[in-house]
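Take the position in the sequence shown, starting the count at 1, then add 69; the result is the number in our numbering.
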Amino acid sequence: MTNVVSLLPKLKVTVIDCPVETWRDDASREAFNQLVQLKLDGYGSEYSHGALPLDGVDWVATHIMTSAVERDGTLKPLMSLRIATLDRCEEYNMPFPALALANSSGAELHRKSVEKTLERCRENKVRIGHSSSWTVLKSVRENKIMSNLLKEVVAAVHFSYEEDHGIQEMFCAGVTRFKADIYQQALGFELLQLDGKVLSPFAQKSLNGEFVNMLLQRTPSPLATECVQKHRDLWLNRTVFSDARHLPKEQQPQAQLKAA
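Quick look at the structure:
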């Protein structure tokens, strides 16, 4: 009997941190271009014209891309996600995505909830971020074995990054059509609340009215922790493109650092 695991491709994780700071590096620029194409392909296969997968925050956020290693050693991007912290957005005078999302979509209750959370985090010096742009190629998503593997990997890299960079809370929005919000809840995210009341899904304007649930995560679930442990080697062997001041010093020996 064929070992199913042996048929799966070898994976490689690439972290592109604040592309505007590493643009002069050829390898970083190539990786970012691959990421852009992945996002265009991923969004283009699921959303109608007008749903852009990129905005200004992409230049200052952190992108975590998972690729298949081809036989010749080249990388074929399969999946990515984006993390933008509040402090990074403020450093570069960019709107914090969770707040911008609620504002642009007219989700007033969600806006109030986000603002209250940000106020609390500022007062208590809690580092908070926003996770978004969970993108995977449609052909990969339609492969059940690969899809299940990458669901584990996205959790592993997401929470590994959180841990390494001291991010204590994280917003995200999950598209209900793909049941992304359900998986996010399994990882420890909780539906956004305002004054003790759970908020309903709303139509995200930038996705042409797709309904999304906004969530907040404070503690990883046991499933998330299990994924981190299972794919620890994949994370430790990642390639990182980052300006040195954005990378925790204790993590530098574990990654290939490319500075602008």
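Even for Gly, the Cβ is constructed at its ideal location relative to N, Cα and C. Fair warning: this is a prediction, and the values are worked out from it, not measured in the lab.
Which residues mark the beginning and the end of the beta strand (DSSP E) in which residue 138 is found?
What you label residue 138 is simply residue 69 of the sequence shown in a count that begins at 1. Note, residue 138: beta strand (DSSP E), 131-138.
In whole angstroms, what is the alpha-carbon distance linking residue 137 and residue 299?
Position 68 of the sequence shown holds residue 137. Position 230 of the sequence shown holds residue 299. The straight-line gap separating the alpha-carbon atoms of residue 137 and residue 299 is approximately 18 Å.
Where does residue 194 sit, in a helix, a strand or coil, going by DSSP?
Residue mapping note: residue 194 aligns to position 125 of the sequence shown, counting from 1. Reduced to three states, the DSSP call for residue 194 is coil.
Note down the Cα distance separating residue 190 from residue 156, rounded to an integer number of angstroms.
Taking the first residue of the sequence shown as 1, we reach residue 190 at position 121. Taking the first residue of the sequence shown as 1, we reach residue 156 at position 87. The straight-line gap separating the alpha-carbon atoms of residue 190 and residue 156 is approximately 11 Å.
Excluding sequence positions up to five away, which residues of its chain have a Cβ less than 6 Å from the Cβ of residue 287?
Against the sequence shown, residue 287 aligns to sequence position 218. Only 238 meet the Cβ criterion.
Given that a residue counts as buried once 16 or more other Cβ atoms are within 10 Å of its Cβ, and exposed if not, what is residue 317?
By one-based count along the sequence shown, residue 317 stands at place 248. Burial call: exposed.
So for residue 87, helix, strand or coil by DSSP?
The residue labelled residue 87 in the question sits at position 18 within the sequence shown. Residue 87: coil per DSSP, three-state reduction.
Would you say the segment 119-136 touches the segment 156-169, given that touching needs at least three Cβ pairs under 8 Å?
Counting Cβ pairs under 8 Å, three or more are found: they touch.
Give the straight-line distance between the Cα atoms of residue 75 and residue 214, rounded to the nearest whole angstrom.
To locate residue 75, count along the sequence shown from 1; it is residue 6. To locate residue 214, count along the sequence shown from 1; it is residue 145. Model confidence at residue 75 stands at a pLDDT of 44, short of 50, so the residue's coordinates are unreliable; what they give is reported in the following sentence. Near 12 Å, if we compare the C-alpha coordinates of residue 214 and residue 75.
Where are the alpha helix (DSSP H) runs, 4 residues long or more, that stay fully inside the segment 207-272, in chain order?
For the segment 207-272, whole alpha helix (DSSP H) runs of length 4 or above, ordered along the chain, are 207-210, 213-233, 249-255.
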